[in-house]
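Asker:
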Amino acid sequence: MPMFKAPFNGYSVKFSPFYESRLAVATAQNFGILGNGRIHVLELSPGGPGVTESIAFDTADAVYDVCWSESHDSVLIAAIGDGSVKIYDTALPPPSNPIRSFQEHAREVHSVDYNPTRRDSFVTASWDDTVKLWAMDRPASIRTFKEHAYCVYQAVWNPKHGDVFASASGDCTLRIWDVREPGSTMIIPAHDLEILSCDWNKYDDCVLATCSVDKTIKVWDVRSYRAPLAVLNGHGYAVRKVKFSPHRRNLIASCSYDMSVCLWDYMVEDALVGRYDHHTEFAVGIDMSVLVEGLMASTGWDELVYVWQQGMDPRAS
Amino acid sequence: VTEATNEVSETAKLESVFKNSEPIREDQVENAIKFLSHPRVRGSPVIHRRSFLERKGLTKEEIDEAFRRVPDPSPSEQTAVTSQDGQQAVQGQIQAVQHAPAPVVMIPPPSLRSRFRWYHAVLAVGVLAASGAGTAVFVKRSLIPRLKSWVRKIMLEEESDPLEKADAKPSLAEEAVAAAKAASAAASDVARVSQEMMKTKSEERKNFEELMQLLGVQVQEMKSLSNNIRYLERNSNNLPKVYSANQEVYSGLVKTPAERRPYANGSNVDYDTRSARSTSPPAPPADSSQPPHPKSYMDIMSMIQRGEKPSNIREINDMPPNPNQQLPNPRIAPKAKPWDYGQPPQDESSKGPWWQQKNPRSADFGYETTTARSIGIRNETSTTEPAAIQKQRSWVPPQPPPVVMPEAAEAIRRPKPQAKIDQEVVAAASDDQSGVSDELQKVTKFSESGGDGSGRLEITEIQEETEHQHIGQEGN
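One line per chain: the protein sequences are A and B, in this order. Count the first sequence with full-length UniProt numbering and you get residues 1 to 317, in order. Count the second sequence with full-length UniProt numbering and you get residues 1 to 476, in order.
#1: Which residues of chain B have a Cβ atom closer than 8 Å to the Cβ of Val307(A), listed in chain order?
#2: Under 9 Å, Cβ to Cβ, is there at least one residue of chain A near Glu54(B)?
#3: Just the chain A side, please: which residues come within less than 8 Å of His38(B) by C-beta, in chain order?
#4: What are the start and end residues of the alpha helix (DSSP H) that includes Gln305(B)?
#5: Rounding to the nearest angstrom, what Cα-Cα distance links Met259(A) and Asp340(B) in this structure?
#6: Chain A partners of His120(B), CB-CB under 7 Å?
#7: Quick check on the burial criterion: 16 or more other C-beta atoms within 10 angstroms. Buried or exposed for Lys241(A)?
#8: Just checking: is the beta-carbon of Phe18(B) within a distance shorter than 9 Å of some beta-carbon in chain A?
#9: Could you give the uninterrupted runs of the beta strand (DSSP E) lying entirely in the segment 11 to 73 of chain A, keeping only those of 3 residues or more?
#10: Throw me the rounded Cβ distance for the Val156(A) and Ala166(A) pair, which I believe falls under 8 Å.
#11: In this structure, does DSSP put Lys243(A) in helix, strand or coil?
#12: Buried or exposed: which applies to Ser298(A), given that a residue is buried once 16 or more other Cβ atoms fall within 10 Å of its Cβ?
#13: Run the CB neighbour count on Gln220(B), radius 10 Å, all protein chains shown included, and call it buried at 16 or more, exposed below.
#14: What whole-angstrom Cβ distance do Val152(A) and Val131(A) have, given they're in contact under 8 Å?
#15: State buried or exposed for Ser149(B), treating a residue as buried only when at least 16 other CB atoms are found within 10 Å of its CB.
#16: Helix, strand or coil: how does DSSP classify Ser169(A) here?
#17: Taking 7 Å as the limit between beta carbons, can you name the residues of its chain near Asp120(A), skipping five residues before and five after?
#18: List the whole-angstrom C-beta distance separating Tyr88(A) from Pro98(A), where the pair is believed to meet the contact cut-off of C-beta under 8 Å.
#19: I think Val29(B) touches Glu54(B), with their Cβ atoms under 8 Å apart; what is that distance to the nearest whole Å?
#20: Once DSSP output is grouped into helix, strand and coil, what is the label at Tyr341(B)?
#21: Rank Asp189(B), Ala136(B), Arg25(B), Arg40(B) by C-alpha distance to the C-alpha of Lys60(B) and give the top, closest one.
#22: Short of 6 Å in beta carbon distance, which residues of its chain neighbour Gly274(A), apart from the five on each side in sequence? Order them along the chain.
#23: Measuring CB atoms only, is the segment 305 to 319 of chain B touching the segment 19 to 39 of chain A, in the sense that at least three cross pairs come out at less than 8 Å?
#24: Please list the residues of the segment 68 to 79 of chain A that have a C-beta atom closer than 8 Å to any C-beta atom in chain B, keeping them in chain order.
#25: Among all the DSSP beta bridges, which residues are the ones paired with Lys5(A)?
#26: Take Ser16(B) and list the residues in its own chain whose beta-carbon comes closer than 7 Å to its own, dropping the five residues that flank it on each side.
#27: With burial defined as no fewer than 16 other Cβ atoms inside 10 Å of the residue's Cβ, what is the status of Met312(A): buried or exposed?
#28: Whose C-alpha, out of Ile77(A), Gly81(A), Asp137(A), Arg100(A), is nearest the C-alpha of Tyr114(A)?
#29: Do you know offhand how far Ile316(B)'s Cα is from Ala62(A)'s?
#30: Going by C-alpha to C-alpha distance, which of Ser256(A), Phe8(A), Lys14(A) sits closest to Ser69(A)?
#31: Give the DSSP-derived three-state secondary structure of Met319(B) in the structure shown.
#32: DSSP on Lys34(B), reduced to helix/strand/coil?
#33: Which bits of chain A does Lys223(B) rub up against, with CB to CB less than 9 Å?
#34: Can you give me the Cβ contacts of Thr117(A) inside the same chain, cut-off strictly under 6 Å, excluding the 5 residues immediately before and after it?
#35: Look at the alpha carbon of Ser76(B) and the alpha carbon of Val46(B), and state the distance between them as a whole number of angstroms.
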């Protein structure tokens, strides 16, 4: 499966919800410590295994996350280390981009997620302890959710309920929010250490997974949230991202500072069902395609992007 | 209309699962009250107190109830003052540690220190006041009698010397004047001395207060330093394992202004001294494999710590060239998600471009046979789960699309008719059980065109086909 070599360290990778062969990559110079950033839009070559870049956008600061609009096929949104949220139109050349820049967060924006059901809004999570709700056509955020006591690493929309999202924070809590409510509707102390990522089960809207610096992934049911449904051990270091499969009910993908990408079935006794060791540095970004079953992508601090089918070797050409 | 009300009630029922409906647990509230009443806790910012209680599993309602019951004179003022102090102390520390990387020191528990501060300050002020009063009293009692006796002595001398009185009369007067002058001089001397004493006393008091303040700042700095060290220990997993973990370098890392890492959170240290700390990672080999790039992560970190900027950073203007640039017109209708049908899609045959082709042994996700497997910790009820899930795997009635509360939606965003139509059509289409997989293929794999003309999908298909005509092969 092909790989793409970026000039900067990879941070996040996202498949387009419109085009099967398209994906976006967020990268940051100097490991994201201090430096510029770049967004790459990649195309999978139809002829044979290969990945090429179709367009790229340079940013003054690190790009920590990127997401595609669910309403406009050529639009993507970037979470930037200088606290800004930028909107890009991939149909316009780089000199005409970005088309919007929102400067509201007081610190690095660590994640951005577009609402897949309502398709008209997105949430950003920042190290300034807040989550903000935005619409592309509004000049300012619609709401700010300020409850976490520490950095918020990710905010993710519920796949069925368009007003509900979850947030994962360094204050070791997972919070469930409803945009119609003034504050969080649920607080789950999911881990003893920082929670770096969370994602909803696409086929059971009450179930979500969290992953943490404590090396574990935990699966929760909000209806009985005092104890997790499952605790998945196997990663050697902090787990950076967790993602529920869009096609298989109980399948979870994760990537970790132990440089591996793992697949889990949390309903099974021996939960670890797959492991890929293609990265040579921290694996920090993963995605599973919504349009193509089994298609996965990952990126890491080794500046590489891999795209492969589950069951295949990511490095095979 | 009944359909709509059913949907509303179902949605309301469904969405109430995202709220905690348990009653308040009195035992938890009482534990929280004990915690909040602790003198150490009272001096901390409210957000830290809340965060601690949240991590103990208390619900929002329980936490609010505990706050309500704890008599707290002026929580907002306290928090404002302490958070400001905390901030200033941390900022002062940033400079301090940059210049002198602090060695790791064992710090006595903060509680003793804070108590030491208060008691000592009160005691010191009391001592000063007492000593001042004592000195004043002493001066009054000793100096003035001395002055009086001196004057008396002079008078006696005058009286015991009548021989010199003849021409001493004018001299007596002179002497009396002189004595008076001397007395007044002495009085003014005394006044001056007492004034100086007052001044020195107030200076001493000022000095003492300054000393106390400096001590307080020191205490704060040391507190934050210990917080940072503990934070770093907890987060040592967050840094590359390939590189050696030098404690000094780490403490320097967190303080650099250019440092990316999130700022240290001081909440856990003071109150949750029993919280689990992650064990430090095992020491890596002395000379790790060479990274492919000249600049490794630690190199860059130490560069920044020294105040140097990596040379590869460019000045980039990434502001919108035209802030009023219109959003583009969408060229493709949004696609339904595979989970919108309520059940996972069937396994499709691996045809088409390479990215759709699956491993023939598709049951096996991993290709490495020597994968280390570990057993996940299971919930006791998990063994019964598969059976329940098996039942759920069969076709379930489609869930109605989320109903928008018009007032809420208006307040928050404009409704998008396009998306709604798609969802309703798709939901209606999924009623047809037999045709589910066929329709899925039609909707999700847009590279295939056409279909068998199922009436309910007409709208989406027509949209897709017109899009296809416009954009040709671009979607592929």
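The C-beta atom is built at its ideal place from N, Cα and C for all residues, glycine as well.
Answerer: Let's see:
#1: In the first sequence, residue 307(A) corresponds to position 307, counting from 1. Result: Trp355.
#2: Taking the first residue of the second sequence as position 1, residue 54(B) is located at position 54. Yes, Glu54(B) counts as interfacial toward chain A.
#3: As a first step, residue 38(B) is located in the second sequence; it is residue number 38 there, counting from the start. Taking a Cβ-Cβ cut-off of 8 Å, His38(B) has no neighbours in chain A, whose nearest Cβ is about 18 Å from it.
#4: Here residue 305(B) refers to the residue found at position 305 of the second sequence. 297 to 305 is the extent of the alpha helix (DSSP H) around Gln305(B).
#5: As a first step, residue 259(A) is located in the first sequence; it is residue number 259 there, counting from the start. As a first step, residue 340(B) is located in the second sequence; it is residue number 340 there, counting from the start. Looking at the two C-alpha atoms, the distance is approximately 33 Å.
#6: By one-based count along the second sequence, residue 120(B) stands at place 120. Those within 7 Å of His120(B) in chain A number zero; the least Cβ separation is about 32 Å.
#7: Taking the first residue of the first sequence as 1, we reach residue 241(A) at position 241. The residue in question, Lys241(A), is buried, as its Cβ has 16 or more Cβ neighbours within 10 Å.
#8: Position 18 of the second sequence, counting from 1, holds the residue named residue 18(B). Yes, Phe18(B) counts as interfacial toward chain A.
#9: Taking only runs of at least 3 residues, the beta strand (DSSP E) segments lying wholly in the segment 11 to 73 of chain A are 22 to 28, 37 to 44, 51 to 59, 63 to 68.
#10: Position 156 of the first sequence holds residue 156(A). Position 166 of the first sequence holds residue 166(A). Taking C-beta atoms under 8 Å as the contact rule, Val156(A) and Ala166(A) qualify, at a distance of about 5 Å.
#11: As a first step, residue 243(A) is located in the first sequence; it is residue number 243 there, counting from the start. Three-state result, Lys243(A): strand.
#12: Reading the first sequence from its first residue, position 298 is the one you call residue 298(A). That one is buried.
#13: Start at 1 with the first residue of the second sequence, and residue 220(B) comes out as number 220. By the neighbour-count rule (16 or more Cβ atoms within 10 Å), Gln220(B) is buried.
#14: One-based indexing of the first sequence puts residue 152(A) at position 152. One-based indexing of the first sequence puts residue 131(A) at position 131. Between Val131(A) and Val152(A) the Cβ distance is about 6 Å, and since that is below 8 Å, they are a contact.
#15: Indexing the second sequence from 1 puts residue 149(B) at position 149. Flag for Ser149(B) reads exposed.
#16: Taking the first sequence and counting its residues from 1, the one referred to as residue 169(A) is at position 169. DSSP places Ser169(A) in strand when its eight states are reduced to three.
#17: Position 120 of the first sequence, counted from the first residue, corresponds to residue 120(A). Contacts found: Ser71, Ala135.
#18: Here residue 88(A) is taken as the residue at index 88 of the first sequence, counted from 1. Here residue 98(A) is taken as the residue at index 98 of the first sequence, counted from 1. In this structure, Tyr88(A) and Pro98(A) form a Cβ contact; the two beta carbons are roughly 5 Å apart against a cut-off of 8 Å.
#19: Position 29 of the second sequence, counted from the start, is the residue given in the question as residue 29(B). Position 54 of the second sequence, counted from the start, is the residue given in the question as residue 54(B). Your pair Val29(B) and Glu54(B) does not check out as a contact, with CB atoms roughly 14 Å apart and the cut at 8 Å.
#20: Start at 1 with the first residue of the second sequence, and residue 341(B) comes out as number 341. Three-state result, Tyr341(B): helix.
#21: Taking the second sequence and counting its residues from 1, one reaches residue 60(B) at position 60. Nearest C-alpha to Lys60(B): Arg25(B).
#22: As a position in the first sequence, residue 274(A) is number 274, starting the count at 1. Excluding residues up to 5 positions away in sequence, Leu263 lie with their Cβ nearer than 6 Å to the Cβ of Gly274(A) in the same chain.
#23: Three or more Cβ pairs drawn from the segment 305 to 319 of chain B and the segment 19 to 39 of chain A lie within less than 8 Å of each other, which places the two stretches in contact.
#24: Going along the segment 68 to 79 of chain A in chain order, one finds Glu70, Ser71, His72, Asp73, Ser74, Val75 with a Cβ nearer than 8 Å to chain B.
#25: Taking the first sequence and counting its residues from 1, one reaches residue 5(A) at position 5. Beta-bridge partners of Lys5(A) (DSSP): Leu304(A).
#26: Position 16 of the second sequence, counting from 1, holds the residue named residue 16(B). Answer for Ser16(B): no residue qualifies.
#27: On the first sequence, residue 312(A) is found 312 positions in, with the first residue counted as 1. It is buried - the Cβ of Met312(A) has at least 16 other Cβ atoms within 10 Å.
#28: Taking the first sequence and counting its residues from 1, one reaches residue 114(A) at position 114. Answer by Cα proximity: Ile77(A).
#29: Numbered from 1 along the second sequence, position 316 holds the residue referred to as residue 316(B). Numbered from 1 along the first sequence, position 62 holds the residue referred to as residue 62(A). A straight line joining the alpha-carbon of Ile316(B) with that of Ala62(A) spans about 12 Å.
#30: As a first step, residue 69(A) must be located in the first sequence, where it is residue number 69. Ser69(A) has its Cα closest to that of Lys14(A), out of Ser256(A), Phe8(A), Lys14(A).
#31: The count along the second sequence starts at 1 and reaches residue 319(B) at position 319. Met319(B): coil per DSSP, three-state reduction.
#32: Taking the second sequence and counting its residues from 1, the one referred to as residue 34(B) is at position 34. If DSSP states are grouped into helix, strand and coil, Lys34(B) belongs with the helices.
#33: Taking the second sequence and counting its residues from 1, one reaches residue 223(B) at position 223. Ordered by position in chain A, no residue passes the 9 Å Cβ test against Lys223(B), which lies about 17 Å from the chain.
#34: Against the first sequence, residue 117(A) aligns to sequence position 117. Contacts found: Gly162.
#35: As a first step, residue 76(B) must be located in the second sequence, where it is residue number 76. As a first step, residue 46(B) must be located in the second sequence, where it is residue number 46. Any reading at Ser76(B) needs caution, since the residue's pLDDT is 48, under 50, leaving its predicted position unreliable; the model's value is listed next. Near 8 Å, if we compare the C-alpha coordinates of Val46(B) and Ser76(B).
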